[in-house]
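Have a look at the structure below, then the notes.
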Amino acid sequence: MTEPFETDVAIVGGGPAGIAAALALRHRGVARVTVLERESEAGGVPRHCGHPPFGLREFGRILSGPAYAARLRLEAVRAGVEIRTRTSVTALGPSGRLALTTPDGTAALAAGRVILATGVREMPRSARLITGDRPVGVLSTGTLQHAIYIERQKPFRRPLIVGTELVSLSAVLTCWKAGIRPVAVVEAASRPTARWPMALFPRLLGIPMHYGAELVDIRGRSRVEAATLRLADGTTRDVDCDGILLTGRFVPESALVRLSHLDVDMGSGGPSIDQFGRCSDPAYFAAGNLLRPVETAGWSFREGKRIGGIVADDLDGRLAPAERTIQIARGEGLKLAVPQRIALPSAEPSLGWIQLRAATGGTGVLSIRDGSAILWEKRLSILPERRILVPLAALLKAGERTDTVEIRFTSDKAG
Amino acid sequence: MMTSQSGLFDVAVIGGGVVGCAVARRFALDGARVLLLERASDILSGASKANSALLHTGFDAPPGSLELACMQAGYREYCEIRERMNLPLLETGAMVVAWSEADLARLDSIEAQARANGVDDVRLMEPAEVLAREPHLATSLRGALLVPGEHVIDPWSAPLAYLKQAVAHGAEVLCNAEVLSGRLDAGLWTLETPRGAVRARIVINCAGLFGDEVETRLLGRSDFIIMPRKGQFVVFDKAASALLTTILLPVPNERTKGVVLARTIFGNVLVGPTAEEQLDRTRADVRQEALRDLVAKAVAMVPGLADMPVTAIYAGLRPATEKKEYRVSAKPELRWITIGGIRSTGLTAALGIARHAASLHAGFDDAGFRPVNDPVWPHMPNLAEHGRRDWQADGHGEIVCHCELVTRREIEQALEGPLAAGDVGGLKRRTRAGMGRCQGFYCQARIAALTEGKFAEPLAVEKADD
Ligand SMILES: Cc1cc2nc3c(=O)[nH]c(=O)nc-3n(C[C@H](O)[C@H](O)[C@H](O)COP(=O)(O)OP(=O)(O)OC[C@H]3O[C@@H](n4cnc5c(N)ncnc54)[C@H](O)[C@@H]3O)c2cc1C
Ligand SMILES: Cc1cc2nc3c(=O)[nH]c(=O)nc-3n(C[C@H](O)[C@H](O)[C@H](O)COP(=O)(O)OP(=O)(O)OC[C@H]3O[C@@H](n4cnc5c(N)ncnc54)[C@H](O)[C@@H]3O)c2cc1C
């Protein structure tokens, strides 16, 4: 057990969002800003994204992931941020009391404010309830990148890749650079989830792409030996492979939040916040991809910076406690809506928008409703997993009258 | 795991499941020179790899059966020795919950059977009392029978501790040593394995799912047939443990035995098992449909589970036979003891079965070793969520598995000594590494590096060059 210590703001997680928040707080003159990072170095996910482009808007140059992570660390040191690595936060207590473990044992930390920035990860095989044996060789992109770029080891030679999100493209690239030859890419939808390069790129490398196809069986006694696919035409096909790479299907790394007193939003999988990033306990804020799956490093950085500034305001006594809240109900067609509530009185700076994701794509009408009254609406075309932003102002007008608004997306087809 | 193979052993135990481990311990404590032979690259690779991990009272076991006697003796001995070995016990109690009128009608006879089996502390509960004890249960329940003595244990540390104690008293363990054939010559068995021939005065067949095959290979015939019965499970996030304390047991009916909802010793909640007959003795695969069905059943019992992410999925195979009862027998003239068909209660019963095996051996004409006076009690690393773990102590090196808070020191220790983990499954069973909600997303690459050169099936296939 090490000595209990105190800090003005503790930041859980030293990825782009956490470091950006720390920089903003230091720039605003907050004395003690402590980043708690469980890995041996800060930087977050970009540490093992061995490819560009990172950092264009933040640092005005195009960097690889590891270079971007190194830049984050450098900026933090320059700004006088205290980074404690190999420090895992194990529990969140009321009013900013954190339990930690370090190689020297457990410790307690009392923080004036806490910013949670623990990021996202990919959904594992178990939570996807995938049929089959449970051999060695089933993993996700993050694990692959960690293996290749940090540990310099190959987890397989001929994997089957599942998914076509942007990260799936990174997965194909990572494999290719390491001399790993994917045997095929499968996607349950009829088109790639990510934009154009995904459609083209594997094909250029000669990797077969199967749309409308599903992984229905994994076989292998100790290591993966084969997989079975159900193809779009209903037939099944066996594929020889020595690994399965499950890409994307991001979920917030919200373990701490789920086990704490803070409210969790089942739609986003992250903590429930107001437009200031404030959690259900006002000593806690959250930023970055913990809030929702999934945005880029750049987005997470900017979000972290903004929340850092808001927390500085709060410490200065300039963020009013919520007198009243408007709950945002996620209606039909929507997978998530963040923030989950609006605190009144509102103020600026705030997150500035409501971020939405649709369950399925299509053309239709996005509307904000108070009971049967339509407060705001807009026609648009959307794709699944793509960000939709609704300006906060559209909602604030409504807030004068109601405690709950509903946001829904009514697709033309469904109608 | 090398052995003085030229040596002659008093007892060769075939199979390193929970039963083989307990038997090895019993005979080692009784003073025998024991050799345990395991076909896989680590112990606990068969039926004992995957179960519900409940310590049963035997309240619903067949009255007068060997199974019941062994379960109750096993239960008693586990409770006697567990503190000395630092083995956990999560004292949850269980409720046999009635969800229908038909279920409710059966509770009386279950209560009567429990009393007949000597489990006297059972008690019927009204719905209101059940809900007061477990407020997150679906309110549609009709009543329950409380069985206070049913508990949750660590299904892997316990057998490992038994075998560790055997090793401390001179037992030897050979993995990757499938017994392929053997012959009895002048009262001495010679067993052929891929790691060479070994000799022993007595053979105890604890081969679980291959029990009949070992009989056929070595004796020419088997009195029973193993009919594997698969059980699939879903494990929910640790946050789910706020929703349930008591083990929920189903009221068995003619068609199905139903599924259990229980806490795990590692702080999660599990639902399962299914019961599916199959021919394959090794393939314990999971099937999406069955898993979905288990989740639905769990949510029907505890609606709050609908919001809980799934952490893990797994399946185990019960070494069932054509009869319900254990298939245990001794053939003194063949210097052979069979412990077969330890179907679905072996974790509880293992220590009792081992005592029974020792009593069978007393009937052999050479019987009588000199028992150990002052046994060594190995102190197991605690993996239970409710106990103190290594991450809470100084100098643990670093956290390697973040979800389960497994330290580098724990991993290094699991890779050392005569019972070192032989594969990644063995490492999980000894440490919990990679068992948590991210299932290795954050730690698997690191574990691959820490275990390089140690496992039969390595996590990394080769170096990545720049
Ligand atoms: C596999 C994968 C690939 C990706 N590829 C790209 C890409 O190519 N480009 C892109 O723009 N975005 C990519 N992303 C999205 C990525 O989430 C963002 O780039 C960005 O890293 C989000 O920043 P963050 O600070 O919110 O979280 P992270 O970068 O994930 O940082 C979270 C930090 O919190 C730490 N942490 C977590 N829990 C604890 C705890 N209990 N105690 C202490 N520390 C803790 C973690 O160790 C980590 O360092 C990828 C994401 C994944 C999962
Ligand atoms: C789904 C399920 C749920 C269960 N729940 C519970 C519970 O809650 N409580 C409880 O008490 N019990 C439970 N059980 C029962 C318990 O798990 C079994 O009774 C027990 O594991 C049987 O152990 P065993 O040692 O007989 O067999 P095994 O574990 O199969 O051990 C036999 C070993 O012998 C080895 N072997 C086989 N052939 C050879 C050979 N030729 N040479 C060398 N080695 C060989 C195998 O590799 C294996 O390791 C459950 C079982 C299942 C499947």
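In order, the protein sequences belong to chains S and A. In this text, residue positions in the first sequence follow the working numbering: the first is 767, and each later residue adds one. In this text, residue positions in the second sequence follow the working numbering: the first is 21, and each later residue adds one. Backbone N, C-alpha and C define an ideal beta-carbon position, used for all residues, glycine too.
From the DSSP output, which residues share a beta bridge with residue i?
| i | result |
| --- | --- |
| V426(A) | C421(A) |
| G1130(S) | L1146(S), S1177(S) |
| Y1050(S) | V880(S) |
| H976(S) | V952(S) |
| M145(A) | A164(A) |
| N225(A) | I34(A), T358(A) |
| G202(A) | L211(A) |
| W1119(S) | P1157(S) |
| Y334(A) | F253(A) |
| S854(S) | T867(S) |
| T1002(S) | R996(S) |
| K483(A) | Q919(S) |
Can you name the start and end residues of the alpha helix (DSSP H) that residue i belongs to?
| i | result |
| --- | --- |
| L447(A) | 444-451 |
| V315(A) | 308-321 |
| P782(S) | 782-793 |
| E772(S) | No alpha helix (DSSP H) contains E772(S), which is instead part of the beta strand (DSSP E) from 771-778. |
| L910(S) | 907-911 |
| A73(A) | First-last for A73(A): undefined, no H or E at that position. |
By DSSP, does residue i sit in helix, in strand, or in coil?
| i | result |
| --- | --- |
| W119(A) | coil |
| D385(A) | coil |
| W942(S) | helix |
| Y462(A) | coil |
| V1071(S) | Note on residue identity: the sequence assigns Lys, not Val, to residue 1071(S). K1071(S) falls in the helix class under three-state DSSP. |
| D128(A) | helix |
| I1101(S) | Per the sequence shown, the amino acid found at residue 1101(S) is Lys instead of Ile. It is a strand residue. |
| R219(A) | strand |
| L875(S) | strand |
| E58(A) | coil |
| K1163(S) | helix |
| V990(S) | coil |
| K184(A) | helix |
| L157(A) | coil |
| R823(S) | helix |
| Q412(A) | helix |
| D967(S) | The amino acid occupying residue 967(S) in the given sequence is Phe; Asp does not appear at that position. In the structure shown, F967(S) sits in a helix (DSSP, three-state: H, G or I). |
| D1080(S) | helix |
| E477(A) | coil |
| F230(A) | helix |
| T897(S) | coil |
Taking residue i as part of the beta strand (DSSP E), name the residues at either end of that continuous run.
| i | result |
| --- | --- |
| F79(A) | Careful: F79(A) lies outside any beta strand (DSSP E) and carries neither H nor E. |
| R349(A) | Before going on, a small fix: residue 349(A) reads as Ser here, not Arg. Looking at the DSSP string, the run of the beta strand (DSSP E) that includes S349(A) is 347-351. |
| P832(S) | No beta strand (DSSP E) holds P832(S); the alpha helix (DSSP H) holding it covers 831-844. |
| P1184(S) | Past the edges of chain S, shown from 767 to 1181, lies residue 1184(S), and the structure says nothing about it. |
| V1017(S) | 1016-1018 |
| E192(A) | 192-194 |
| V1023(S) | From DSSP, V1023(S) is part of no beta strand (DSSP E) but of the alpha helix (DSSP H) over 1021-1024. |
| Q1093(S) | 1090-1096 |
| F244(A) | First-last for F244(A): undefined, no H or E at that position. |
| L107(A) | Unbroken run through L107(A): none, as it is neither H nor E. |
Give a single yes or no on whether residue i has its beta carbon closer than 7 angstroms to a heavy atom of ligand 3.
| i | result |
| --- | --- |
| E841(S) | Questions concerning ligand 3 fall outside what the structure shown contains, since the ligands it does hold are ligand 1 and ligand 2. |
### Task
Please list the residues of the segment 246-264 of chain A that have a C-beta atom closer than 7 angstroms to any C-beta atom in chain S, keeping them in chain order.
Within the segment 246-264 of chain A, the residues whose Cβ lies closer than 7 angstroms to some Cβ of chain S are D257, K258, A259, listed in chain order.
### Query
Listed from N- to C-terminal order along the chain, which residues in the segment 795-808 of chain S have their beta-carbon within a distance smaller than 9 angstroms of any beta-carbon of chain A?
Residues passing the 9 angstroms Cβ filter: R804, E805, S806.
### Under 8 angstroms (Cβ pairs) to chain S, residues found in the segment 409-427 of chain A
Listed in sequence order: W411, Q412, A413, D414, G415, H416, G417, E418, I419, H422, C423, L425.
### Task
Please list the residues of the segment 913-929 of chain S that have a C-beta atom closer than 8 angstroms to any C-beta atom in chain A, keeping them in chain order.
Those would be A913, I914, I916, E917, R918, Q919, K920, P921, F922, R923, in chain order.
### Query
Which residues, in order along the segment 268-301 of chain A, keep a beta-carbon less than 7 angstroms from a beta-carbon of chain S?
Cβ contacts with chain S: none found.
### Task
Please name the residues in the segment 460-471 of chain A whose beta-carbon is closer than 8 angstroms to at least one beta-carbon of chain S, in chain order.
The residues in question are G460, F461, Y462, Q464, A465, R466, A468, A469.
### Task
Closer than 8 angstroms, Cβ to Cβ, to anything on chain S: give me those residues from the segment 77-103 of chain A, in chain order.
Hits within the stretch: zero.
### Task
May I ask you to list, following chain order, the residues of the segment 882-895 of chain S that have a beta carbon less than 8 angstroms from some beta carbon of chain A?
Within the segment 882-895 of chain S, contact with chain A at the beta-carbon level (separation under 8 angstroms) is assigned to R887, E888, P890, R891, S892, A893, L895.
### Task
Please name the residues in the segment 939-962 of chain S whose beta-carbon is closer than 8 angstroms to at least one beta-carbon of chain A, in chain order.
Correct list: A944, G945.
### Message
Tell me which residues of the segment 848-874 of chain S have at least one Cβ-Cβ distance to chain A shorter than 8 angstroms, keeping chain order.
### Response
For chain A, the residues of the segment 848-874 of chain S that bring a beta carbon within less than 8 angstroms of one of its beta carbons are R852, S854, T856, T867, P869, D870, G871, T872, in chain order.
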